[in-house]
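Residue numbers (UniProt numbering): 1 to 210.
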């Protein structure tokens with residue numbers, strides 16, 4: 001599990017000096033010393049965006065938040081029971097793993113194979129637990145962690161500390177953070193697109209033309 005810690009030392013000392021000099025506001029100081037929110041790494045964005053189109057419940061923030069909780073985006077992560085960026089157990093990978101990138105091998109250590117498999121399996125889990133009362137996303141995530149049988153038997157999220165914590169961390173912490181960073185990314189892209197359009201040839205009208 002990857003944790004994010006506040007940056008102390010020089011950053012805080014320098015920021016405090018700027019605040020004392022009246023250069024920084026309290027809000028700016030807080031923003032400067034706080035760790036940045038998580039975001040989808042550029043090298044995995046194409047795979048995540050494609051995987052998010054696998055079924056309606058999925059989204060870029062949801063898949064990103066789940067991978068963050070599973071492996072911290074480490075393709076070589078291994079718990080001893082599950083492997084890779086999406087943490088597939090061998091038996092589950094044998095059923096859901098595919099050669100998504102066409103290199104001739106369904107490789108759990110390859111994010112280009114593992115991320116699409118994560119999406120397919122999560123879509124399957126949404127369907128598997130659809131008749132269980134509760135939040136569909138929480139139930140699907142619980143099934144990913146504990147197995148669909150455990151969710152069906154419990155008729156909800158199983159009373160396993162690991163599963164309870166897993167679902168809570170994703171839905172209450174990581175998912176809102178990834179939703180925010182994706183929203184900010186879209187806004188930046190829209191702003192940049194607007195700037196490009198306004199400065200491109202023909203973007204402004206010539207009112208004096210005949």
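Even for Gly, the Cβ is constructed at its ideal location relative to N, Cα and C. This one's a predicted model, so the numbers in the text were calculated from it and none came from an experiment.
The alpha carbon of residue 74 has as its nearest neighbour, out of 114, 51 and 90, the alpha carbon of 114. Out of 116, 83, 95 and 128, the CA that lies nearest to the CA of residue 108 is found in 83. DSSP places residue 96 in the uninterrupted alpha helix (DSSP H) bounded by 90-96. With contacts defined by Cβ atoms closer than 8 Å, residue 61 and residue 175 form a contacting pair. Listed in chain order, the non-local C-beta contacts of residue 179 below 6 Å within the same chain comprise 61, local neighbours out to five positions each way being set aside. Taking the CA atoms as reference points, residue 91 sits about 14 Å from residue 145.
The DSSP assignment places complete alpha helix (DSSP H) segments of no fewer than 4 residues inside the segment 99-151 at 111-128 and 136-146, in order along the chain.
Residue 68 counts as buried, since no fewer than 16 other beta carbons sit within 10 angstroms of its beta carbon. For residue 58, the closest alpha carbon among the candidates 166, 165, 71 and 121 is that of 121. Contact annotation: residue 134 and residue 156 have beta-carbon atoms nearer than 8 Å. Annotated as proximal: residue 37 and residue 177, with beta-carbon spacing under 8 Å.
Secondary structure at residue 83: strand, using DSSP grouped into helix, strand and coil. Boundaries of the alpha helix (DSSP H) harbouring residue 163: 161-168, taken from the DSSP string. One thing to note: residue 77 has its Cβ within 8 Å of the Cβ of residue 87. Residue 184 and residue 192 have their C-alpha atoms roughly 12 Å apart.
One Cα belongs to residue 141, the other to residue 167, and the distance between them is close to 6 Å. Under the DSSP assignment, residue 58 falls outside any alpha helix (DSSP H); it carries neither an H nor an E label.
Measuring C-alpha to C-alpha distances from residue 50 to each of 85, 143, 35 and 116 identifies 116 as the nearest. Counting of Cβ neighbours within 10 angstroms places residue 161 among the exposed residues, the total staying below 16.
The beta carbon of residue 169 lies closer than 7 Å to those of 69 in the same chain, with the five residues before and after it left out.
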